[in-house]
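Notes to accompany the following structure.
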RNA sequence: GCCCCGUUCGUCUAGCGGCCUAGGAUGUCUCCCUUUCACGGAGAAGACCAGGGGUUCGAAUCCCCUACGGGGUACCA
């Protein structure tokens, strides 16, 4: 049987890092086993629908390099892949369940049910459920006469269709990550399958679609673990073979405990979404990993290892390598904290490996975004990339950590106070004279270095009475790339003018 | 409340009965390289494996209990 996996988000907002990871594990498994990857949009909740979310999801997956075989845009053998367009299918299967007595019609309104629950809670029973213990006391096709049901439905009274969960039974299933899980049906409620608006609930639609789309492996977040037995029951009711299940551990917030949320991201200044997202209602903007300066391959590599550990000690690896090594049994069981420091390390590592030209568009974009001068040749920016590659953690560091490569330096007051003195000033004037004698042909790292050292030796100048001052003149700050390389990059006239500017201070 | 899942260095984790006086990575610190920063190199500190009972010649590894954490408990996914 050929392998089919699916990623099935609902378009209720931007996809966050946990969702991306789920999608990615599905993708890895599909690639590993030569299967297909489906993107199915689960938009059965009209109320929570957010405009733009669907597009966002697709954009985010694309940015992460997750390729979709079948989906809303791609089409496929079991289209449509948007649940809101599959209404008749769900109707049909619900009727089947109804006629086989495996589901029933219920008239209790949401209001009545919440009332029921609050009453139960007051009398010391907080976990009231609509299940086989209580359904006999409710208003449904199990307690009403056939005629009464008919009369109510025909008069247009709203109703839902619920699953008739078998009494007193144990549901067993094997989770590929956690092993055997057992739940008693007394713990499972008679889930609503079809809402009063005629749309299916997640549970129903999900099972029907997974079956129809021949999904063989369901990999999803741990929040679905408690409803997995219900899903098994549904497969049973239809007489279908269930796929294999794997429930991924959750991604937890970096500090304290709990599921990582957008709020945590805001609080800690850490992105949780792949791309920038603007809330269509409030207009509130949230920064994504991409725009914050993270590389997609670094993010994906880091994220893949959040909960998965292949055999051996490799950490930095290509997607191809991950596909090669992936196995669901190697996914851990416990929740994982989102460790931004480790992501930074991955990002830095990936930046170092990229060729210089890779950074050109990013540098230009950052310059533009910062409102800085953008008038630089590619040749110049290639050298900047070369100089900054080992020093950048985020993509924007190519600009932000070296603004002096693009505009006149601002002198750091502490650095200035410490290093700017009479001796240094005189030495800088002397160096300026030495370098002024170089013509543009001779203005290169080698000559700059040689002429400077020649002069230093003949005049017995110690490094510490020249080098810091040179750096101060060129960059204004105490750290950064080699001063001579900077002078080379800046060129003669700019270098000399920076000397003069400092000397005039 | 009830149900389900989990618990090894700060963090991500290796470990699936003896190789563990618990390994790697990251982070932290020290030293080297270096005119600075970063990279790179070499080291150090850091978990008595949540706690308690078993099982066994032998347990981080198997079983039970407790604690703690998380998830679920909707006409949301």
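In this note's numbering, the protein residues as written are 796 to 1300.
All residues carry an ideal CB built from backbone N, CA and C; glycine is no exception.
- Taken in chain order, the complete beta strand (DSSP E) segments of 3 or more residues contained in the stretch 834-905 are 898-901.
- Within the same chain, 799 come within 7 angstroms of residue 1009 by CB-CB distance, once the 5 residues on both sides are set aside.
- When the Cα atoms are used, residue 836 and residue 802 turn out to be separated by approximately 8 angstroms.
- Per DSSP, the continuous alpha helix (DSSP H) segment holding residue 1059 begins and ends at 1057-1063.
- With the rule of 3 Cβ pairs closer than 8 angstroms, the stretch 1123-1131 does not count as touching the stretch 1147-1158.
- A distance below 6 angstroms between beta-carbons, with the five flanking residues on each side excluded, links residue 1151 to the following residues of its chain, in chain order: 1177, 1180, 1181.
- In the three-state DSSP reduction, residue 1183 falls in the helix class (H, G or I).
- Residue 1266 is classed as buried because its beta carbon has at least 16 other beta carbons within 10 Å across all chains shown.
- According to the DSSP assignment, residue 1167 belongs to no alpha helix (DSSP H), since it is labelled neither H nor E.
- Three or more Cβ pairs closer than 8 angstroms define a contact, and the stretch 1131-1144 falls short of that threshold against the stretch 834-853.
- The criterion of a C-beta distance shorter than 8 angstroms is satisfied by residue 1024 and residue 978.
- Under the 10 Å beta carbon count, residue 1032 is surrounded by 16 or more other beta carbons and is classified as buried.
- A distance below 8 angstroms separates the beta carbons of residue 1014 and residue 817.
- Contact fails between the stretch 886-899 and the stretch 862-875, because fewer than three Cβ pairs, one in each stretch, are under 8 angstroms apart.
- DSSP places residue 983 in no beta strand (DSSP E); its state is neither H nor E.
- At a Cβ-Cβ threshold of 8 angstroms, residue 810 and residue 1069 count as neighbours.
- Within 10 angstroms of the beta-carbon of residue 872 lie fewer than 16 other beta-carbons, which makes it exposed.
- Residue 975: member of the beta strand (DSSP E) spanning 974-979, first to last residue.
- For residue 989, the enclosing beta strand (DSSP E) has its first and last residue at 987-989.
- In this structure, 992 is the residue among 985, 916, 992 with its C-alpha nearest to the C-alpha of residue 952.
- The three-state reading of DSSP puts residue 1040 in strand, counting E and B together.
- The continuous stretches of alpha helix (DSSP H) do not include residue 1013, which lies in the beta strand (DSSP E) extending over residues 1012-1016.
- Nearest in C-alpha terms to residue 853, of all of 1108, 1111, 819, is 819.
- Per the coordinates, the alpha-carbon of residue 966 lies some 8 angstroms from the alpha-carbon of residue 1027.
- If you check the CB distance, residue 1169 and residue 1162 come in under 8 angstroms.
- For a cut-off of 8 angstroms, the C-beta gap from residue 1268 to residue 1223 is around 6 angstroms, short enough to register as a contact.
- Membership of residue 1119 in the alpha helix (DSSP H) is indicated by the continuous run 1114-1120.
- Partner residues in the beta bridge of residue 970, as assigned by DSSP, are 974, 1040.
- With contacts defined by Cβ atoms closer than 8 angstroms, residue 1283 and residue 1243 form a contacting pair.
- For residue 1193, the enclosing alpha helix (DSSP H) starts and ends at 1192-1195.
- Residue state for residue 957 is assigned as strand, using DSSP reduced to three classes.
- Distance from the CA of residue 916 to the CA of residue 924, rounded to the nearest whole angstrom, comes to 11 angstroms.
- For the pair residue 922 and residue 1184, the Cα-to-Cα distance works out to about 57 angstroms.
- Of 1019, 1004, 1044, 1063, the smallest CA-CA separation from residue 1035 is found for 1004.
- Looking at the backbone, the Cα of residue 1117 and that of residue 823 are separated by about 7 angstroms.
- Measuring C-alpha to C-alpha distances from residue 1067 to each of 1075, 1081, 968, 1293 identifies 1081 as the nearest.
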